[in-house]
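What follows is a set of notes on a single structure, which appears directly below.
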Amino acid sequence: MHYICPICKTENKLETSFSIEEYICISCSNLIDVDKNFSRQIVKKPIENVVLEIGQKGIIDYIEYTVVAIVVRKYGSATYWREYYLKDYKNNDAFLSESDGHWVFLHPIHAEDVKKKERSKVVQLQTRNYRWYETTQCTIHASAGFFEDKLNFNIASYKEYVNGTNMVSEEQSGGYTQYFAGKHISKRIIKKTFTISHMPNYSGIGIVQPYYINIKQLINVLGIAALLICLLQLYVYSSRTNTSVFQDTIKFRDVKNKEMVSKSFTLSGGSAPLKINAHSEVDNSWANLQLSLVNEDTNEAVFASKDIEEYSGYEDGEAWREGKTTEEFNICGVSPGKYHLVLSAESQQSTGAILTSGSDTGLTITKEASGIVNVLDNSTKQTVSFGDVKTLEKDSSDMGKLVKQVFLNKNLDSLLSINPVVQSSPANVVDGSSIDINATWFPVSFWNFGIILLLMVIFFIICYWGRHLFNVSKWNNSSNSPYPKS
């Protein structure tokens, strides 16, 4: 269809045909009454942030639409949004509404399809409830194109109801009420389907903008992933067994200033951790294990070192103990292949003095070079350590009383000074001359399995809470928010 402007004689045409009452001349911006062929008024051209043109075509939901009109509406003193009037090949109406870079695709619906309750903030459309978001008073600020009905430049009232990414819009203008059903549409779809080079600035959260992650789809994806992980773990558990690849007791004197190489062993299956368990009967002493896991195919080595130490004693009449005689550590991600271990170990060496009561059932007192005094009950094999001789002499515990009873009226400091004995290892070590080592390969491990499931749960909780915060922010601009305002 085409019309000649009676004011400037410019041809106004559109590649579609439907009955119109008015059009706005593309040249002089006069609003022309078609029947009377005269200008009603001059209308401001829509320019700012207008990205579509009259006659432009695009496909939405598999239907091709043509832009037939553009209206810019104004709310308050400086709030604008743009409405694009669309027609499909059957001349059915549709609309694109854009505000702050957020797009809504709308189509008209019958008033009887919208069910309202008195004094209620909710309307119902096709069994879905929509909550009242806001009521906006607006006027036409600028417009262009072809119009089936006469443009009303009086104040119009828009009342919006929202449910997630869908909405119902109620427009009241000139005593006439019309309803529209709308849904969010991605700006990327608009840009692609209408071949737009520049899109409006994007800010804030749109009235029907979806959360960044679809929670329902996330539940399905995480549920399926968790099921597959459980099935994989079940397969690994039923098809593989944990294997002890090395177990031995090493005397410290056998590896003094040298290393011991274990027999070769083969690991098969997937990558898994190698767990090392080291035990030594240290007592107020320490031991150290140094270990290398060598891949015989690549000659690559992984190094590890671990200290074992345990100390105990009495201080201010109270017993204390720290450390332990057994330590464990993992070499993670050990891949299949042929390996051997290279081991070295050492224990604490010290010089001290020994004072004994001369009886197998008596006491042995050891003074180390550091000044620490160790008291060994020969009958019970119990050892108690004291910071120095004076602390021992002042001690009122059972061990302190026993020392005073056995060494009655004797100066312990003098006795220990005149009876020095050089020790090759601490006298207070019960069986600390060796270290027990056990290396176990764990192709069946519930650690990674549990960590992955835990991370999935944490990720879901974060996303779910994030959606709540997103919705709270979305409704902040509404005076009818279902969320309490802080």
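According to the working numbering, the sequence shown is numbered sequentially starting from 5.
For each residue, glycine too, the CB sits at the ideal point set by N, CA and C.
This one's a predicted model, so the numbers in the text were calculated from it and none came from an experiment.
Quick check on the burial criterion: 16 or more other C-beta atoms within 10 angstroms. Buried or exposed for residue i?
i	result
HIS283	buried
HIS202	exposed
TYR206	exposed
ALA185	buried
PHE150	buried
MET171	buried
LEU100	buried
ILE439	buried
PHE501	Absent from the structure is residue 501, since the part of the chain shown begins at 5 and ends at 490.
SER268	exposed
TYR180	exposed
GLU164	buried
ALA148	buried
TYR66	exposed
THR370	buried
LYS132	Residue identity differs from the one stated: residue 132 is Arg in this sequence, not Lys. ARG132 is exposed by the Cβ-count criterion.
VAL126	exposed
HIS106	buried
VAL379	buried
In this structure, does DSSP put residue i in helix, strand or coil?
i	result
GLU116	helix
ASN475	helix
MET203	coil
SER483	coil
LYS292	At residue 292 the sequence reads Asn, which differs from the Lys that was named. It is a strand residue.
LYS220	helix
ARG132	strand
LEU155	coil
SER21	coil
CYS336	strand
THR140	strand
MET5	coil
GLY208	coil
THR169	coil
ASP287	coil
SER242	helix
ILE465	helix
GLN60	coil
ASP37	strand
PHE42	strand
GLN182	strand
ASP417	helix
VAL249	strand
GLN237	helix
VAL426	Per-residue confidence for VAL426 stands at a pLDDT of 29, beneath the threshold of 50, marking its modelled position as unreliable; the derived number appears in the next sentence. Reduced to three states, the DSSP call for VAL426 is coil.
ASP435	Because ASP435 carries a pLDDT of 48, less than 50, the predicted location of this residue cannot be relied on, and the following value inherits that uncertainty. Strand at ASP435.
ASP440	strand
Pull up the distance between the alpha-carbon of residue i and that of residue j, whole angstroms please.
i	j	result
ASP97	TYR134	23 Å
MET403	ASN382	12 Å
SER316	LYS342	42 Å
LYS489	SER309	57 Å
GLU397	THR384	21 Å
THR20	GLY62	14 Å
LEU278	SER339	10 Å
ILE209	THR83	15 Å
VAL72	SER31	16 Å
PRO486	PHE463	26 Å
PRO10	ARG77	27 Å
GLY356	ILE254	For GLY356, the predicted model reports a pLDDT of 49, less than 50, meaning its position is unreliable; a value from the coordinates is still stated below. Cα to Cα, GLY356 sits roughly 25 Å from ILE254.
PHE42	GLU122	45 Å
GLU304	ILE64	59 Å
PHE256	GLY227	53 Å
SER275	GLY168	46 Å
LYS118	SER81	Note that residue 118 corresponds to Val in the displayed sequence, not to Lys. Roughly 32 Å between the two C-alpha positions.
ASP435	GLU285	Residue placement at ASP435 is poorly supported in this model, since its pLDDT is 48, which falls under 50; the coordinates still yield a value, given next. Going from the Cα of ASP435 to the Cα of GLU285 covers about 5 Å.
SER248	GLY273	15 Å
PRO214	ASN95	30 Å
ARG471	ARG86	28 Å
GLU319	GLY391	8 Å
VAL410	GLU331	37 Å
THR270	GLU326	38 Å
SER412	ILE376	Reading off the sequence, residue 412 comes out as Leu, not Ser. Roughly 21 Å between the two C-alpha positions.
THR302	GLY337	16 Å
CYS234	TYR241	10 Å
Could you give the C-beta distance for residue i and residue j, rounded to a whole number, given that I count them as a contact under 8 Å?
i	j	result
ILE200	ILE193	Actually they are not in contact, since the Cβ atoms of ILE200 and ILE193 sit about 11 Å apart, beyond 8 Å.
GLU57	TYR93	That pair is no contact at about 19 Å.
SER161	GLN141	6 Å
ALA146	PRO50	4 Å
SER4	GLU138	Residue 4 lies beyond the residue range present for the chain, which begins at 5 and ends at 490; the question has no answer from this structure.
LEU345	ALA443	7 Å
Practice task
For the stretch 373–402, list the beta strand (DSSP E) runs that are entirely contained and at least 3 residues long, ordered along the chain.
Solution key: Whole beta strand (DSSP E) segments, 3+ residues: 377–381, 386–390.
Practice task
List in chain order: all unbroken beta strand (DSSP E) runs of 3+ residues lying wholly within the stretch 70–125.
Solution key: Fully enclosed beta strand (DSSP E) runs of 3 or longer: 83–91, 97–103, 106–113, 118–120.
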